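Q:
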RNA sequence: GGGCGUUUAGCUCAGCUGGUUAGAGCACUGCCCUGAUAAGGCAGAGGUCUCUGGUUCGAGUCCAGAAACGCCCA
């Protein structure tokens, strides 16, 4: 903060606008120079603890996204809020460092296209490249987070690739093995052929895209065995449909629904001469157009069970395995919405198929290898890419008379979330953790957590209900090495820590740089049972293992349990809501295994960020905005404030237009600040002067201070509930009132003090409001708060803490809250607001004084009785609306008329169906008043059963809102017109001063002429004071800044120059 | 197919336990105020509160059903 310290002015001058990014760079330098964050940590060391745990951000990006900035704004907000209350914190940031996302990125950078390429390149070099990539990304994220204003212990960030993290995971995996939850499963998994690995459930989310595939209707001829003899004679075939033709060579069975009707149809296929018989779902048959078809009969699916058929590729070697198994089986999931009602089952190519195969004891044929190339045993298909052969298979089937129809089919199909290749399904060996025993424990632990917003808790329960066994293995390189070993004689065991590895090692330790492939694979260990040499399995772990262990690894569960106990569980975590199935889940898993409880107490989740038109941000798209761009163009605090005042549960529409709106709001605050500084400097205001006791300050000041205390109370209450939106909106509402009511109303007290004491009270009140306000929003807008603090407090008050972030968060002084005063002020503001509307209706400028304003509050209005037309508030109303007299009346005949309405809450139940009639009669004035009661439509209503309000009579300047009406007496006298003209002249002259670019304190000489002369003479003192004139003479000199024209229809000529 | 959320002005959203004229911000139009003002104020225009049915004297609000959109799971 370059600040020229003029000894005569207490504060550095502040312009009418400000460059937020520039301001922020100044503050970043200040914090860096003064090591402000270190000072904060030192100040709070040993204080009460507040435990926040940072979810690891994926260290695989070049620039922080604006969506990261959202979550990080909250993280920083609440940590700073707690810090200002003296809480000691860990301030540890984390990076997620392993897994497919890093590998895919590095493959791209190194131009590697397959696992074979990686192995040729060398796993060691590949791993080092991955680590380097992570470190580069972490450095960029750190830099951008600092730019966001986030305060963290950046030198102490945790990295999930660390040996400590890995060792902690091993510990838990060994525990799972001991509990019997760990198993090796042979099952069908979604599989990415390019990455050469299975993908887990979490990785499938959001990866379905619309695409078009070749789908085939294929004949499966019935074999003349058992019940099939008759059908076979008729040349009958089952008709089945598939969107994945490459799975047909792996067909083992056909499935039907036992309760559905199936049609036997005689048809002559296109181009065929002989009729044939097809078997397919009856509904499908009925809904399909046929050229020549004849329904022979219908049977239930169960009657088809056990029938045998010839598979489409039985002549290939694989047919020796599948052929004998071909038969029709029952499956309740078969439907007729898609396909033919008969489902082709290939247990080696799909999860459900696999389960059916297992149920039926059928062989599992896995047609493709890791890279989705056909294995041997498939004849002409051997070695071909599965996803490329759809047309070849169709041609082959057509040639052999097995293809009934080929149709392009558009459907939603999964792609790999990282490399965007189409997924296949493949059966292979994978490692799993069984959820059966854990599921109820996880659910129970999750119920005890405070989820914000609450529906996130239900989503977690839903996820846990549906969560299958967790596939934790990936056939990849840069990841957690699974510590699973098998010895030469077949014993299986799990290594539970790095120390255990070192103890069991027979050789290979000397080359173990870190617990990663390939070095870890070279360590040969002794089998605990038979001492035989054992090597590690090749698989690495799911990256959500890495993140889930964080509440233990970063808190040193294994090596410093006392430390862990001090900081576990996290009182608060905050992430995007997609983390339900990711980090929230994986942490919960580890924590329940190790401690039986959840690792967090309050979980705040925010929605996603979209662009201004509601479209998703695409990294490569034109609409993409990364955080560093937004920071330099709009400012971090503008972004942070936008986020703070947003509902966490609503998606954010982000763009420079909305940020412009936020900046405009900040300008209201800034202008109040600039106003204060300008006049405080002119008047040499010294914040160290003794306070004017609050009780002796004018009503306006006491009102503002009461509202300020209320604000402190409300903001603290909101932030204690992690409700930043309410806090931010309250703060904004306060600074709006401060600017547009307190300062605007009280301006003259600052530049034309009637008494020294009143001016001091005004300065002290505004100063307190501003300095309290900046501490209130310091956690949300740390830069702006700091900039204002440095100028308002640090530069002006000896001994003040060097940073706003080292001050205490404001505490409520309840004795300053004056409910009644705030009620009266609200009533006055309502009257003024309505009065302006009445002014507009009367088409009279506020500069023209009017004789009288009458206000009538309705019975039952909460502000009735708050104003009496006599006190300081009445003076405010008179001045604000420029009326000579202000009256508050219970009713005002002639200006407003009485309107009686039924009190629905009491009359509704009493009158029932008569209510609409009574209501109409009251509205039309068809009622009588007698002894305070009201007679209407044969009913007698008590005073408390009606609401009496007032409406303006036509022809008067009146305005009305719910509960209040005001009427303006618009009679103009020559007196009032003359006064109005004087004000008009003063206003014009002040405009001219502005045009002449005079300084606000310059004195001027005024010359004038024209019909305004009488008013000029009569209001000479008033005008001179308003425009700082030292002389006023009739007759122009032709010098200086001049103007002539009409003011309120009166001719005028004016001339001013600096005196 | 199951779960969760959403549907109110051109846009983004408030609307508490049912109640009298459904609000705010942005944008638009007009007027006003202004020696802190890249601000502010007043007003205008803009609504079949997604639809259907029900409960009730009275439904944006409660109940049932439907639809559309989004997310999670299958």
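In the working numbering, the protein residues as written are 730 to 1788. Cβ coordinates follow ideal geometry from the N, Cα and C atoms, glycine included. What you are looking at is a predicted structure, and each value in this text was computed from that prediction instead of being measured.
Please name the residue in 1096, 1021 and 954 whose C-alpha comes closest to that of residue 1053.
A: Ranking the options by Cα distance to residue 1053, first place goes to 954.
Q: Let me make sure I understand the geometry here. Which of 1233, 1264, 1176 and 1199 has the alpha-carbon closest to that of residue 1217?
A: Selected option, being the one with the closest Cα: 1264.
Q: Pop quiz: residue 793 and residue 874 are said to be a contact at Cβ under 8 Å. What is the actual Cβ separation, rounded to whole angstroms?
A: Contact flag correct, Cβ pair sits at about 7 Å.
Q: Taking C-alpha atoms, which residue in 1220, 1210, 1181 and 1259 lies nearest to residue 1252?
A: That would be 1210, whose Cα lies nearest to the Cα of residue 1252.
Q: What do you get for residue 1503, buried or exposed, if any count of 16 or more other CB atoms within 10 angstroms of its CB means buried?
A: Burial call: buried.
Q: Enumerate in chain order the residues of its own chain whose CB-to-CB distance from residue 1419 is below 6 Å, with the five nearest sequence positions on each side excluded.
A: Here the set comprises nothing.
Q: Confirm, please, whether the CB-CB distance from residue 1159 to residue 925 is below 8 Å.
A: No, these two residues do not count as a Cβ contact at 8 Å.
Q: Which residue wins for smallest C-alpha separation from residue 1545, given the options 1592, 1011, 1430 and 1402?
A: Comparing Cα-Cα distances from residue 1545 to each of 1592, 1011, 1430 and 1402, the minimum goes to 1430.
Q: For residue 1339, does the three-state DSSP call read helix, strand or coil?
A: Looking at residue 1339 - three-state DSSP - the assignment turns out to be strand.
Q: So what's residue 731 in DSSP terms, helix, strand or just coil?
A: Reliability fails at residue 731, whose pLDDT of 36 lies under 50, so the model's placement of it is uncertain and the value that follows must be treated cautiously. Reduced to three states, the DSSP call for residue 731 is coil.
Q: Three or more C-beta pairs closer than 8 Å, one from the stretch 1323-1331 and one from the stretch 1296-1306: is that the case here?
A: Yes: the two stretches touch, three or more of their Cβ pairs being nearer than 8 Å.
Q: Over what stretch of residues does the beta strand (DSSP E) that includes residue 1145 continue unbroken?
A: Premise fails: residue 1145 is in no beta strand (DSSP E) and is neither H nor E.
Q: Thinking residue 967 and residue 1038 are a contact (beta carbons under 8 Å), I'd like their distance in whole angstroms, please.
A: About 6 Å separates the two Cβ atoms, so the contact holds.
Q: Is residue 1111 helix, strand or coil by DSSP?
A: Coil.
Q: How many angstroms separate the CA atom of residue 1586 from the CA atom of residue 1618?
A: Spanning the two alpha carbons is a distance of roughly 8 Å.
Q: Which of helix, strand or coil does DSSP assign to residue 1615?
A: Residue 1615 falls in the strand class under three-state DSSP.
Q: Run the proximity test for residue 1633: is its beta-carbon closer than 7 Å to any non-hydrogen atom belonging to the ligand ATP?
A: No copy of the ligand ATP occurs in the structure displayed, which carries no ligand at all.
Q: Enumerated in chain order, which unbroken segments of the alpha helix (DSSP H) with a length of 4 residues or greater are wholly contained in the stretch 852-916?
A: With a minimum length of 4 residues, the continuous alpha helix (DSSP H) runs that stay inside the stretch 852-916 are 852-877 and 892-908.
Q: Please name the residue or residues paired with residue 993 in a DSSP beta bridge.
A: Residue 993 is bridged to 1008 and 1026.
Q: Between 797, 1735, 759 and 780, which lies nearest to residue 1338 when the distance is taken from Cα to Cα?
A: Ranking 797, 1735, 759 and 780 by Cα distance to residue 1338 puts 797 first.
Q: Going by beta carbon distance, what residues of the same chain come within less than 6 Å of residue 1170, once the five residues before and after it are set aside?
A: So the list reads 1321, once near-sequence residues are dropped.
Q: Leaving out five residues before and five after residue 1483 in sequence, what residues of the same chain have Cβ atoms less than 7 Å from its Cβ?
A: Confidence at residue 1483 is low in this model, with a pLDDT of 49, below 50, so the placement of that residue should be treated as unreliable; the coordinate-derived value is given next. Excluding sequence neighbours, residue 1483 sits near nothing in its chain.
Q: Helix or strand or just coil, what does DSSP make of residue 1380?
A: Reduced to three states, the DSSP call for residue 1380 is coil.
Q: Compute the Euclidean distance between the alpha carbons of residue 1497 and residue 832, then round it to the nearest angstrom.
A: So the alpha carbons of these two residues sit roughly 55 Å apart.
Q: Starting from the C-beta of residue 1533, find all residues in its chain whose C-beta is less than 7 Å away, skip the five residues before and the five after it, and write them out in chain order.
A: Same-chain partners within the cutoff: 1503, 1504, 1507, 1514, 1515 and 1518.
Q: Would you give the residue range spanned by the alpha helix (DSSP H) that residue 708 belongs to?
A: Since the first and last residues shown for the chain are 730 and 1788, residue 708 lies out of range.
Q: Just list the alpha helix (DSSP H) runs in the stretch 1288-1372, keeping only unbroken ones of 4 residues or longer that don't cross its boundaries, in chain order.
A: Those alpha helix (DSSP H) runs which fall completely within the stretch 1288-1372 and span 4+ residues are 1290-1296, 1312-1324 and 1356-1362.
Q: According to DSSP, residue 794 sits in a beta bridge with which residue or residues?
A: Residue 794 pairs with 1355.
Q: On the DSSP letters alone, give me the boundaries of the beta strand (DSSP E) that residue 1272 sits inside.
A: Run containing residue 1272: none in the beta strand (DSSP E); it sits in the alpha helix (DSSP H), 1272-1277.
Q: Can you tell me whether residue 1189 is buried or exposed, with buried defined as 16 or more other CB within 10 angstroms of its CB?
A: Counting Cβ neighbours within 10 Å, residue 1189 comes out buried, since at least 16 surround it.
Q: Residue ranges of each alpha helix (DSSP H) run of no fewer than 4 residues wholly in the stretch 761-821, ordered along the chain?
A: You should have 765-773 and 795-812.
Q: Taking the beta carbon of residue 1184 as the centre, do at least 16 other beta carbons fall within 10 Å, making it buried, or is it exposed?
A: Exposed, since its Cβ has fewer than 16 Cβ neighbours within 10 Å.
Q: Using three-state DSSP, classify residue 1592 as helix, strand or coil.
A: Residue 1592: coil per DSSP, three-state reduction.
Q: Alpha carbon to alpha carbon, how far is residue 1394 from residue 1297? Give it in angstroms, no decimals.
A: Each residue's Cα considered, the two are about 40 Å apart.
Q: Within the same chain, show all residues whose beta-carbon is closer than 6 Å to that of residue 733, passing over the 5 residues directly before and after it, in chain order.
A: Low confidence applies to residue 733: its pLDDT is 44, below 50, so where it sits in the model is not reliable, and the reading given next is rough at best. For residue 733, where only same-chain residues beyond five positions count, there are no Cβ hits under 6 Å.
Q: Does the contact criterion of 3 or more C-beta pairs under 8 Å hold for the stretch 1362-1371 versus the stretch 1383-1399?
A: Short answer: they touch.
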